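So the sequence shown is residues 3 to 231, counted in my numbering. Ideal Cβ placement from N, Cα and C applies to all residues, glycine included. Every value quoted in this text rests on a predicted model; they were computed, and no experiment measured them.
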Amino acid sequence: MDPEIERVTRSKEQARTSYNRLSRFYDLLSAVSERKYIEAGLEMLRAKEGERVLEVGFGTGRALLALAEAVGSSGEVYGIDISEGMSGIAQRKLRKKGLAERVELYIGDAARLPYQDGFFDCVFTSFTIDLIDTPEIPAVLAECTRVLKDGGRICVVSMSNRGPVGISMKAYLWAHRKLPALVDCRPIPVRGSLEESGFDIIDKKLMSMWGLPVEIINGVKPGLSGRDL
């Protein structure tokens with residue numbers, strides 16, 4: 003039986019403050035825990051030369067670098083994140099790699115994306131949807147749907163509530179309730195959330211992080227893309 007979906011109790015301003023404070027150390031904290039799942043998600047998304055890509059919750063920019071290289075000089079990458087501190091780290095990485103001109107970053111709320119309808123070929127997001135309070139997840143995914151072209155792709159990497167509730171899951175959920183500022187992600191129904199938002203699922207993968215399930219789901223917005231016409 004899947005566990006109950008936990009709520010997010012901290013405010014967006016509290017989240018912004020927390021990530022601003024953690025930004026200088028975040029790569030050290032997340033390198034072991036998140037890297038292979040992000041890489042698996044990028045492999046599933048397969049951003050192509052010349053595409054226009056959005057990353058929701060770009061953090062310190064690990065995926066931004068890979069996306070900017072994948073789309074090449076003819077493509078464009080955009081990113082939105084709530085934290086100014088994270089954005090500063092990401093900008094420095096992009097400049098160091100000579101990729102800053104391909105990437106435009108924005109500080110803001112994923113529930114109100116500052117982009118026009120049908121602007122992107124694909125959207126990538128990792129360990130971000132599971133930080134959003136449950137009632138707002140549909141709003142964020144609706145915004146992702148809006149800014150995608152017909153036939154556009156979305157890949158979500160997230161902690162998942164799929165599978166049995168074992169000792170690791172019970173311990174993690176206890177920590178999330180007691181220390182929400184530190185243990186901020188929580189398991190959500192990843193595939194179900196995308197399907198309820200109207201995406202057709204084209205690929206999926208279930209992985210494990212310290213005994214906790216991580217889902218990587220690739221969906222497509224129904225309709226023909228500009229490349230298919």
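Check                                                                                              : Outcome
Stretch pair the stretch 209-216 + the stretch 157-164: three plus CB contacts closer than 8 Å     : yes
With 16 other Cβ atoms within 10 Å as the buried cut-off, status of P224                           : exposed
Between the CA atoms of T147 and D202 - distance to the nearest angstrom                           : 12 Å
Boundaries of the beta strand (DSSP E) in which S160 is found, first to last residue               : L150 to M161
Span separating the alpha-carbon of A173 from that of C187                                         : 13 Å
Cα-Cα separation, R155 to E36                                                                      : 22 Å
Collapsed DSSP secondary structure at S85 in the structure displayed                               : coil
Closest Cα partner of G168 within the set A68, A102 and S210                                       : S210
Endpoints, alpha helix (DSSP H) assigned at E138                                                   : From DSSP, E138 is part of no alpha helix (DSSP H); its letter is neither H nor E.
Candidates S32, A68 and E53, of which the one nearest L44 by Cα                                    : A68
Which of helix, strand or coil DSSP assigns to T127                                                : strand
Contact between the stretch 23-34 and the stretch 55-70 (3+ Cβ pairs under 8 Å)                    : yes
Segment contact flag, the stretch 181-201 with the stretch 125-144, C-beta cutoff 8 Å, min 3 pairs : yes
Which listed residue (L208, V222 and P182) has its alpha carbon closest to that of G200            : V222
Beta-carbon spacing of R54, D123 below 8 Å                                                         : yes
Between the CA atoms of I7 and L231 - distance to the nearest angstrom                             : Note that L231 scores 34 on pLDDT, short of 50, meaning its location in the model is unreliable and no value can be drawn from it.
Alpha-carbon spacing of R97 relative to S13, whole angstroms                                       : 32 Å
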